[in-house]
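Residue numbers (the numbering used here): 28 to 75. Glycine is no exception: its CB is placed at the ideal position from the N, C-alpha and C atoms. Quick caveat: nothing in here was measured; it's all calculated off a predicted structure. Comments concern the structure below.
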Amino acid sequence: MIVPEADFLINVLWQRKRNARALVAYILVAALVSYAFYLIYQGLYGVF
């Protein structure tokens with residue numbers, strides 16, 4: 028599954044290799060937010 032955000036991240040990665048730390052931090056935050064939404068979804072609809 029390819030999303031526009033992935034293309035954006037690839038562009039950022041190629042244009043700002045020197046700022047790899049910020050990119051890694053952004054990816055980690057995005058992963059944590061996605062996981063949090065997943066847990067909320069499981070909590071709301073997992074009981075049915």
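Met-28: buried (16+ other C-beta within 10 angstroms of its C-beta) or exposed?
Numbered from 1 along the sequence shown, position 1 holds the residue referred to as residue 28. Confidence at Met-28 is low in this model, with a pLDDT of 47, below 50, so its placement is unreliable and the value that follows should be read with caution. Burial call: exposed.
Is Val-60 near Leu-50, with beta carbons less than 8 angstroms apart?
The residue labelled residue 60 in the question sits at position 33 within the sequence shown. The residue labelled residue 50 in the question sits at position 23 within the sequence shown. Going by C-beta atoms, Val-60 is not nearer than 8 angstroms to Leu-50.
When DSSP labels each residue in this structure, what does Gly-70 get in the three-state scheme?
Walking along the sequence shown from the start, residue 70 turns up at place 43. It is helical.
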